[in-house]
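The structure under discussion appears below in the form of structure tokens.
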Amino acid sequence: MRRFGPHHVGSGTKDCNMTSKHIVCPHCHSVNRLPEERFSDNPKCGACKAALFSGRPVELNSGNFRTHIERSDIPVVVDFWAPWCGPCRMMAPVFSQVAGELSTRARLVKVNTEDQPGLASQYGIRSIPTLTVFRGGREVNRVSGAMDARNLSAWIGRFL
Ligand SMILES: [Zn+2]
Numbered sequence: 239m240r241r242f243g244p245h246h247v248g249s250g251t252k253d254c255n256m257t258s259k260h261i262v263c264p265h266c267h268s269v270n271r272l273p274e275e276r277f278s279d280n281p282k283c284g285a286c287k288a289a290l291f292s293g294r295p296v297e298l299n300s301g302n303f304r305t306h307i308e309r310s311d312i313p314v315v316v317d318f319w320a321p322w323c324g325p326c327r328m329m330a331p332v333f334s335q336v337a338g339e340l341s342t343r344a345r346l347v348k349v350n351t352e353d354q355p356g357l358a359s360q361y362g363i364r365s366i367p368t369l370t371v372f373r374g375g376r377e378v379n380r381v382s383g384a385m386d387a388r389n390l391s392a393w394i395g396r397f398l
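Structure below.
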């Protein structure tokens, strides 16, 4: 028999009055759970009290990457980049802008492939910038090459 935790909203379950999601703190990487209704109230992390939606890209490393990919209930968009890559540097402000626009709808994160060669190789990154979207721990799409803000928003919008 399959047993679900008290918070699990199974298909066909109609008695839950709100939808809660797991949000990974961009500062201390603790997994928080909160109702979607609270997303717009600038919610704070239960562990470190910092804002859960900072509106800025989060720089990740091999120690915290999987937590974000696997535990976040909002899509995670990864920018695999490197400091020596011109198109990556050009795209940085675009990525920041879109991180602000989509603050509560998608988590935008960055992986510096020079500092994190293990992650780059694990995810088969062959050129940079490469952008990937993860949902529920699974990669659902990737594109290589820089994008402007409009195209980046539109591309991420397909996975929200
Ligand atoms: Zn925190």
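Numbering (the working numbering), first residue to last: 239 to 398.
By construction, the Cβ of each residue, glycine as well, lies at the ideal position given by its N, Cα and C atoms.
All values derive from a computational prediction rather than experimental measurement.
- The alpha-carbon separation between Pro331 and Pro273 amounts to approximately 30 Å.
- Taking Phe333 as the centre and dropping the five residues before and after it, the same chain places the C-beta of Pro295, Asp317, Leu346, Lys348 and Leu390 closer than 8 Å to its C-beta, in chain order.
- Put simply, the backbone Cα of Gly356 is about 17 Å away from that of Glu377.
- Its Cα nearest to that of Gly395, the residue Pro313 stands out among Pro313, His265 and Asp353.
- Residue pairing by DSSP places Ser382 opposite Thr368 in a beta bridge.
- Just so you know, the alpha carbons of Phe303 and Glu339 end up roughly 22 Å apart.
- Per the C-alpha coordinates, the member of Ser292, Lys259 and Ser359 positioned closest to Ser310 is Lys259.
- Here the alpha carbon of Ser292 sits roughly 21 Å from the alpha carbon of Thr257.
- Distances from the CA of Arg327 to each of Asp386, Ala392, Thr305 and Pro264 were compared; the closest alpha carbon is that of Asp386.
- Setting aside the 5 residues that flank it on each side, Asn270 is surrounded in the same chain by His260, Ile261, Val262, Cys263, Pro281, Cys283, Gly284, Ala285 and Leu290, each with a C-beta closer than 8 Å to its C-beta; the list follows chain order.
- Measuring C-alpha to C-alpha distances from Asp279 to each of Gly301, Met329, Ser341 and His306 identifies Ser341 as the nearest.
- The residue from Ser382, Ile307 and Glu308 with its alpha-carbon nearest to that of Met329 is Ser382.
- From the listed residues Ala392, Glu297, Phe277 and Phe372, the smallest Cα separation to His265 is found for Glu297.
- When distances are taken from the beta-carbon of Lys287 to the heavy atoms of ligand 1, the shortest one is below 8 Å.
- Taking the Cβ atoms as the reference, Ala344 lies roughly 21 Å from Thr351, outside the contact range of under 8 Å.
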